[in-house]
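Engineer:
Numbering (this note's numbering), first residue to last: 357 to 577.
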């Protein structure tokens, strides 16, 4: 008997008070689950956007103020970004610009000779670097070609080994005999080969059915 998750305040008793003839007064006890709950609504308090606070506020002015702050901050960001780009551009221009140096007339010839020597040295260094770069490229190409050739030879060798292993005539020439089954030498084999199998039939009579006849033939001889 289930209590439906409710406490039993008036348990059943045997004897004269059993069933519908039992007389008892109303109980003064009740479960906590039967008490009325959530009888009042939860009102808003001060600072939680009550009706009076909403009436005193000017929502239009607040919206315009927020929009003004948003657009001003956006303009400040764009202005700072543009100033940073302008600063980087001016710095790059200063780096690219060649600032002439005040020199004496006597030092012009010496500086021109030094610049010629430096140009010759730079040309020689550049030719040496180009030659070294060409040599490295050639060595790299030769190494790549050698590795490709070696990979092709390994693939060809593996394919030939696989073909040799897959041919039974080359791998095991003495295994031409037919393998015997595990039941070739058993005594009782194919015992029911010559017996005729009777087809099952349905007879709507319990006395003349095949099952009844087989039962009588087996147990009632």
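Built from N, CA and C at the ideal position, the CB exists for glycine as well.
Can you tell me the Cα-Cα spacing of residue 560 and residue 548, whole angstroms?
Structural biologist: Rounded to the nearest angstrom, the two C-alpha atoms are 30 angstroms apart.
Engineer: Suppose you measure from the CA of residue 416 to the CA of residue 409; what does that come to, to the nearest Å?
Structural biologist: Their Cα atoms are separated by approximately 15 angstroms.
Engineer: Three-state secondary structure (DSSP) at residue 407?
Structural biologist: Of the three classes helix, strand and coil, the one that applies to residue 407 here is helix, per DSSP.
Engineer: Measuring straight from C-alpha to C-alpha, what distance separates residue 521 and residue 502?
Structural biologist: Computed Cα separation, rounded: 29 angstroms.
Engineer: Would you kindly work out how many angstroms separate the C-alpha atoms of residue 483 and residue 497, rounded to a whole number?
Structural biologist: Residue 483 and residue 497: Cα-Cα distance of roughly 21 angstroms.
Engineer: Can the beta-carbon of residue 400 be found closer than 7 angstroms to that of residue 406?
Structural biologist: Taking 7 angstroms as the Cβ cut-off, residue 400 and residue 406 qualify as a contacting pair.
Engineer: Leaving out the 5 sequence neighbours to the left and right, which residues in its chain are closer than 6 angstroms to residue 461 when beta-carbon positions are compared?
Structural biologist: Low per-residue confidence applies at residue 461: pLDDT is 48, beneath 50, and the placement is therefore not dependable, though the value from the model is reported in the following sentence. Counting only Cβ-Cβ distances below 6 angstroms, and skipping sequence neighbours, we find nothing.
Engineer: What does the alpha-carbon distance come out to for the pair residue 539 and residue 546?
Structural biologist: So the alpha carbons of these two residues sit roughly 11 angstroms apart.
Engineer: Alpha carbon to alpha carbon, how far is residue 385 from residue 418?
Structural biologist: The straight-line gap from Cα to Cα measures roughly 58 angstroms.
Engineer: Keeping to the same chain, check which residues put their C-beta closer than 8 angstroms to that of residue 455; ignore five residues upstream and five downstream.
Structural biologist: Here residue 455 scores only 47 on pLDDT, less than 50, and its place in the model should not be relied on; the value that follows carries that caveat. Counting only Cβ-Cβ distances below 8 angstroms, and skipping sequence neighbours, we find nothing.
Engineer: Can you give the Cα-Cα distance for residue 438 and residue 426, rounded to whole angstroms?
Structural biologist: If you take the alpha carbons of residue 438 and residue 426, they lie about 18 angstroms apart.
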